[in-house]
Amino acid sequence: MAQHPHSTQSNGSHGGHGSHGESHEAHGSLKSYVIGFVLSIILTIIPIVLVLNDIVEGTAAYVVLFATAILQFVVQLFFFMHLKEEASPRWNLMTLLLGLMIVLIIIVGSIWIMLNNQVTY
Amino acid sequence: MASNKNHAAQARAGNHGHDGHHDLESLRLMGFWIFLITDCILFGTLFATYAVLSNSTAGGPTGAEMFEMPGIIAETFILLTSSFTSGLALLCMNRGDRKGLIGWLAVTAALGACFIGLELNEFVHLVHEGVTIGTSAYWSAFYTLVSTHGIHVTIGLFWMIAIMIQLGKHGITPVTRRKVNVIGLYWHFLDVVWIFVFTVVYMMEVM
Chain B
40 MAQHPHSTQS NGSHGGHGSH GESHEAHGSL KSYVIGFVLS IILTIIPIVL VLNDIVEGTA
100 AYVVLFATAI LQFVVQLFFF MHLKEEASPR WNLMTLLLGL MIVLIIIVGS IWIMLNNQVT
160 Y
Chain H
209 MASNKNHAAQ ARAGNHGHDG HHDLESLRLM GFWIFLITDC ILFGTLFATY AVLSNSTAGG
269 PTGAEMFEMP GIIAETFILL TSSFTSGLAL LCMNRGDRKG LIGWLAVTAA LGACFIGLEL
329 NEFVHLVHEG VTIGTSAYWS AFYTLVSTHG IHVTIGLFWM IAIMIQLGKH GITPVTRRKV
389 NVIGLYWHFL DVVWIFVFTV VYMMEVM
């Protein structure tokens, strides 16, 4: 912190050392990527082992499949896509939540309507 | 080594100083997030279509009868690994290591190409068995959903190659840096979509 010549330099000039382009420097580390990778592999192996070998069946199998898929999604978002570390996390998160809400309405709404609509087809 | 560390420390210290410069870059990144959300809605619609039509096989073959899981599982692990290697490329970029960056991007692209190869192989196999997009509503929904993802991966491949060429020409500049960040997000996103394809289309069919 004692000396950082770049920040004083680039206050005035646009060129400089491109230090403003390195704002994403702090994002991600080898450790977080390795943890994310290992978690995603484990979360893929769990449903394959449990469901394809018929260890869980019926509703339990659906629960395992969806729980691991959603966890996998969360792992990708936080360990790989750095959702939490963004300069403005709230905006990206809000966009994401809006999108997920629309997606849920489309999927759940379609299934619901079509399942209660058997008479017409 | 020492100078690299110094450099990173400086950048981190500079982070808090002048946020005004970062606004445009983070706005561009946010714009890409909005694109990803629209893509999310596209895939959501296709997933809904698939879910609604999943019993409409018109007396023809079902997915459970046709899918060969070993290939699908291989595809899944290949794509997961490529998501990881694209992360490693990003880490190399943050260290200012251009060779490492291009190298890991090349590994990612190669894994992506393997994925596409396996998927095409699966489609060819299915068509040989007599299951085409016109067989039944179920298979129409299947081919539309899975190939839309495949087309996204293919576009990502060409995009990644173009960025590798740019990196070779111009090196790591603020512009190429942003492009690598964006393709990284795109690639992770495709991985997420595939996980749901894998779960909803394949695993739920064969369970």
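These protein sequence lines are chains B and H, in that order. Residues in the first sequence are numbered consecutively from 40, following our numbering. Residues in the second sequence are numbered consecutively from 209, following our numbering. Ideal Cβ positions, reconstructed from N, Cα and C, are used throughout, including at glycine.
How long is the line joining the alpha carbons of residue i and residue j, rounded to whole angstroms?
i	j	result
H/C300	H/T253	37 Å
H/V361	B/I109	21 Å
H/T407	H/E330	17 Å
H/V409	H/F350	8 Å
H/V387	H/F251	Looking at the sequence provided, one finds Lys at residue 387 of chain H rather than Val. Computed Cα separation, rounded: 24 Å.
B/V103	H/E413	14 Å
H/A314	B/K123	28 Å
B/N155	B/V142	20 Å
B/I94	H/F275	20 Å
B/I80	H/T352	27 Å
H/I363	H/H357	10 Å
B/L137	B/L116	15 Å
B/I146	H/S291	26 Å
B/S71	H/S264	43 Å
H/F397	H/L244	8 Å
H/Q374	H/A318	18 Å
H/E337	H/G268	12 Å
H/A297	H/M368	12 Å
H/R303	H/R385	12 Å
H/S355	H/C248	15 Å
H/T381	B/T134	28 Å
H/I391	B/I74	21 Å
H/A450	H/T257	Residue coverage of chain H in this structure runs from 209 to 415, which leaves residue 450 of chain H outside it and unanswerable.
H/F240	H/S234	10 Å
H/G376	H/D305	12 Å
H/T289	B/F76	7 Å
B/S149	B/W130	28 Å
B/P86	B/T107	7 Å
H/G320	B/L132	28 Å
H/I280	H/R236	35 Å
H/F285	H/T293	12 Å
B/V90	H/K307	42 Å
Mark residue i as exposed unless 16 or more other C-beta atoms lie within 10 angstroms of its C-beta, in which case mark it buried.
i	result
B/W151	exposed
H/H333	exposed
H/P278	exposed
B/S7	The structure shown does not extend to residue 7 of chain B, since chain B spans only 40 to 160, so no value can be given for it.
H/V383	exposed
H/L232	exposed
B/V88	exposed
H/V405	buried
B/T98	exposed
B/E96	exposed
H/E283	buried
H/F366	exposed
H/E327	buried
B/V113	exposed
B/M140	exposed
B/N92	exposed
H/I359	exposed
B/I144	exposed
H/A259	buried
H/H378	exposed
B/M120	buried
H/T246	exposed
H/G271	buried
H/I342	The identity of residue 342 of chain H in the sequence shown is Gly, whereas the question assumes Ile. That one is exposed.
H/V339	buried
H/V335	exposed
H/G325	exposed
B/I84	exposed
Could you give the residue range of the alpha helix (DSSP H) that holds residue i?
i	result
B/Q111	T98 to V114
H/G376	A345 to H378
H/D399	P382 to F404
H/I324	R306 to H336
H/E283	M277 to R303
H/S264	Per DSSP, H/S264 belongs to no alpha helix (DSSP H) and is neither H nor E.
H/G271	G271 to M274
B/F76	L69 to L91
Is residue i a contact residue of the ligand PLP, with contact defined as CB to any heavy atom under 7 Å?
i	result
H/L328	The model on display carries no ligand, and the ligand PLP is accordingly not part of it.
Contacting positions in the segment 238-260 of chain H - beta carbon closer than 7 Å to chain B: Under the 7 Å Cβ criterion, the segment 238-260 of chain H contributes M238, W241, I242, I245, C248, I249, G252, T253, F255, A256, A259 and V260.
Against chain B: residues of the segment 387-411 of chain H by CB proximity under 7 Å: Correct list: N389, L393, H396, D399, V400, I403, F404, T407 and M411.
Interface positions of the segment 340-360 of chain H facing chain B (Cβ-Cβ less than 7 Å), listed along the chain: From the segment 340-360 of chain H, no residue has a Cβ closer than 7 Å to chain B.
Where the segment 65-93 of chain B meets chain H: residues whose CB sits under 7 Å from a CB there: Only A65, G67, L69, Y72, F76, S79, I80, T83, P86, I87, V90 and L91 from the segment 65-93 of chain B bring a Cβ to less than 7 Å from some Cβ of chain H.
Interface residues of the segment 269-281 of chain H facing chain B [CB-CB below 8 Å]: Result list: M277 and I281.
Interface positions of the segment 305-328 of chain H facing chain B (Cβ-Cβ less than 7 Å), listed along the chain: Identification of residues in the segment 305-328 of chain H having a C-beta nearer than 7 Å to some C-beta of chain B yields an empty set.
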